[in-house]
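Peer 1:
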Amino acid sequence: MSHDALPQPATARRSESLSGTARVPGDKSISHRSFMFGGLASGETRITGLLEGEDVMRTGAAMRAMGAHMEKRGDEWIIRGTGNGALLQPEAELDFGNAGTGSRLTMGLVGTYDMEVTFIGDASLSKRPMARVLEPLRQMGTQVLRATPGDRMPLTLRGPRQATPISYRVPMASAQVKSAVLLAGLNTPGVTTVIEPVMTRDHTEKMLKGFGANIQVETDEQGVRHIFIEGHGNLTGQVIAVPGDPSSAAFPLVAALIVPGSDVTIENVLMNPTRTGLITTLLEMGARIDIVNPRNAGGEDVADLRVRSSDLKGVSVPAERAPSMIDEYPVLAVAASFAEGETFMHGLEELRVKESDRLAAVANGLKANGVDCTETETALSVRGIPGGKGIGGGAVETHLDHRIAMSFLIMGLASEKPVTVDDKTMIATSFPEFMGLMADLGALISGGDENR
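Using the numbering used here, you'd call the opening residue of the sequence shown number 2 and step up by one each time.
(1) Curious, which full-length beta strand (DSSP E) runs of at least 3 residues does the stretch 352-406 contain?
(2) Smallest Cα separation from S30: which of M407, I292 and L51?
(3) Please report the distance separating the alpha-carbon of K368 from that of V118.
(4) Which residue from L401, V420, T421 and G443 puts its Cα closest to that of I428?
(5) Using DSSP's beta-bridge definition, name the partner residues of Q144.
(6) Just how far apart, CA to CA, sit G262 and L349?
(7) With a cut-off of 8 Å on the beta carbons, I'd call A116 and Q90 a contact; round off their distance for me.
(8) So the candidates are F345, T421 and L442; which of them puts its Cα closest to the Cα of T377?
(9) Report the residue ranges of all beta strand (DSSP E) runs contained in full by the stretch 38-63; include only those spanning at least 3 residues, in chain order.
(10) If you run the structure through DSSP and keep just helix, strand and coil, what is I280?
(11) Taking a contact to mean a Cβ-Cβ separation below 8 Å, would you say V332 touches F432 in this structure?
(12) Residue range of the beta strand (DSSP E) that I292 falls in?
(13) Look at the alpha carbon of V363 and the alpha carbon of I392, and state the distance between them as a whole number of angstroms.
(14) Just curious, the beta strand (DSSP E) that H347 is in, first and last residue?
(15) The alpha helix (DSSP H) that contains G186, what's its start and end?
(16) Do A389 and A415 have their C-beta atoms within less than 8 Å of each other?
(17) Out of curiosity, what's the CA-to-CA distance linking L209 and I267?
(18) In the DSSP assignment, the beta strand (DSSP E) including A337 goes from what residue to what residue?
(19) What are the start and end residues of the beta strand (DSSP E) that includes F252?
(20) Please classify V255 as buried or exposed, where buried requires at least 16 other C-beta atoms within 10 Å of its C-beta.
(21) Quick one: residues in its chain with C-beta nearer than 6 Å to the C-beta of Y169, no 5 flanking neighbours on either side, listed in chain order?
(22) In terms of DSSP beta bridges, what is G112 paired with?
(23) For S125, which residues of its own chain have a beta-carbon under 6 Å away from its beta-carbon, when the five flanking residues on both sides are left out?
(24) Return helix, strand or coil for L306, following the three-state DSSP convention.
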């Protein structure tokens, strides 16, 4: 999708029961890191199950621009990396489109190299704060030569001749900031330390260890994690099977819960404990979700999920659960719209700095479709209507946010009146198969040639 692609509205209508088996695309977080670490490691990395959404492909293009060789053969990606410390200065600016994860992690990766790199993105990404990553990089010696006011893109970094290792306490629950500092530490002499008061998704730590980095994690008696990474070590290519993305699985999962008579199985879903907050919450709400065939694949827990339509009840979702489900709050708010009683969601301040101000976008979308809700600076409460009577009929502004678009299309499958989103094009950034997968389960979504 080009930065100036014309909007393509889509409309979802009340559907009959959904049924069948679905397999969602590979996990987005692991896919970004597979391209990045494979492109950095010596030797060959082979990846199956990669999410081939636009965000991840931007990360791949950035690694290519810095010397990695990548090709796809059949269902497998084969990467020959540069070796740690041997990235090349790209000849042109790195265009990350809408990819917040790819851009922030790559800033960390290249920020300690003695070279100049320019980062650009689309209108949405250019509004997102990068200072949270640039602050620790500056402490390591990185210069921000040029930036849009507020440390936003477009921006240009210049790394030091030799970076300085730091001990950095992450001021917010952010796997991206943690990961950026750890990646910067790969090309820094000595030991770089990240202190994480609230645990976030731990794919960077697990995967770096798998690639051979000297990385240690210690948790103190207060539950604070201390992560130590030794610089200038060797990374070696690996074989990676990417499990299904739980953030993508959330959409057919919630659809099956709210569309009466539905029975859907979602295969091969990542069940890493740092990513399962939505499932925990939905089970508390009374959801019928059976975790089938739990197993370990490539160092990660995976399972199949059998989901049946359920009578949901409102609950209070604690703030400390937010890091394990930060991307799932929009679709949880949709589920809450069909639940009996009130659902309170706390600790949502990170939603303000996603692809859109996701908290405001969710609240406005709910109100536009007849759902009673209250938004505060850090929380959202939703008062549901079991059966969806009176819900729908509104048009939702997506603000170039893929998760807003998909969430409200899910709402339309169970609401009394159709729900329209103003643009579906950006869904391709994370879930290119969304329309076809939902149609195969019986969902009625119109507005695009890929809908069958």
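Glycine included, each C-beta is placed from N, C-alpha and C at the ideal position. Small disclaimer: the values here were computed from a predicted structure and weren't measured.
Peer 2: In terms of the structure at hand:
(1) 373-376 and 380-384
(2) Numbered from 1 along the sequence shown, position 29 holds the residue referred to as residue 30. Selected option, being the one with the closest Cα: L51.
(3) Position 367 of the sequence shown, counting from 1, holds the residue named residue 368. Position 117 of the sequence shown, counting from 1, holds the residue named residue 118. Going by the C-alpha atoms only, they are around 43 Å apart.
(4) To locate residue 428, count along the sequence shown from 1; it is residue 427. Cα-wise, what sits closest to I428 is L401.
(5) Position 143 of the sequence shown, counted from the start, is the residue given in the question as residue 144. DSSP lists R159 as partners of Q144.
(6) Numbered from its first residue, the sequence shown carries residue 262 at position 261. Numbered from its first residue, the sequence shown carries residue 349 at position 348. Answer to the nearest angstrom: the Cα atoms are 32 Å apart.
(7) As a first step, residue 116 must be located in the sequence shown, where it is residue number 115. As a first step, residue 90 must be located in the sequence shown, where it is residue number 89. The question names Ala, yet the displayed sequence has Met at residue 116. Going by Cβ atoms, the distance from M116 to Q90 rounds to 4 Å, so yes, they are a contact pair.
(8) Locating residue 377 in the sequence shown gives position 376, where the first residue counts as 1. The shortest Cα separation from T377 among F345, T421 and L442 belongs to F345.
(9) 45-49
(10) Position 279 of the sequence shown, counted from the first residue, corresponds to residue 280. Helix at I280.
(11) Along the sequence shown, read from residue 1 onward, the residue named residue 332 stands at position 331. Along the sequence shown, read from residue 1 onward, the residue named residue 432 stands at position 431. No, the Cβ-Cβ distance between V332 and F432 is not below 8 Å.
(12) The sequence position of residue 292 within the sequence shown is 291, counting from 1. Its beta strand (DSSP E) spans residues R289 to A298.
(13) The residue given as residue 363 occupies position 362 in the sequence shown. The residue given as residue 392 occupies position 391 in the sequence shown. Approximately 15 Å between the Cα atoms of the pair.
(14) What you label residue 347 is simply residue 346 of the sequence shown in a count that begins at 1. Residues E343 to H347.
(15) In the sequence shown, counting from the first residue as 1, residue 186 sits at position 185. First-last of the alpha helix (DSSP H) with G186: A176 to L187.
(16) As a working mapping, residue 389 is identified with position 388 in the sequence shown. As a working mapping, residue 415 is identified with position 414 in the sequence shown. Here residue 389 turns out to be Gly, not Ala, going by the sequence shown. Against a cut-off of 8 Å, the Cβ pair of A415 and G389 comes out as a contact.
(17) Translated into positions along the sequence shown, residue 209 becomes position 208. Translated into positions along the sequence shown, residue 267 becomes position 266. Cα to Cα, the separation comes out at about 28 Å.
(18) Reading the sequence shown from its first residue, position 336 is the one you call residue 337. Premise fails: A337 lies in the alpha helix (DSSP H), Y330 to S338, not in any beta strand (DSSP E).
(19) Within the sequence shown, numbered from 1, the residue matching residue 252 stands at position 251. Segment P247 to I259 is the alpha helix (DSSP H) holding F252; no beta strand (DSSP E) there.
(20) To locate residue 255, count along the sequence shown from 1; it is residue 254. V255 comes out buried.
(21) For the purposes of this step, residue 169 is taken as residue 168 along the sequence shown, with counting starting at 1. Counting only Cβ-Cβ distances below 6 Å, and skipping sequence neighbours, we find P137, V182 and V195.
(22) In the sequence shown, the residue the question calls residue 112 occupies position 111. The partner list for G112 (beta bridge, DSSP) is empty, contrary to what the question assumes.
(23) Here residue 125 corresponds to residue number 124 of the sequence shown, with the count starting at 1. Only N99, E356 and L401 meet the Cβ criterion.
(24) Numbered from 1 along the sequence shown, position 305 holds the residue referred to as residue 306. In this structure, L306 counts as strand in the three-state DSSP scheme.
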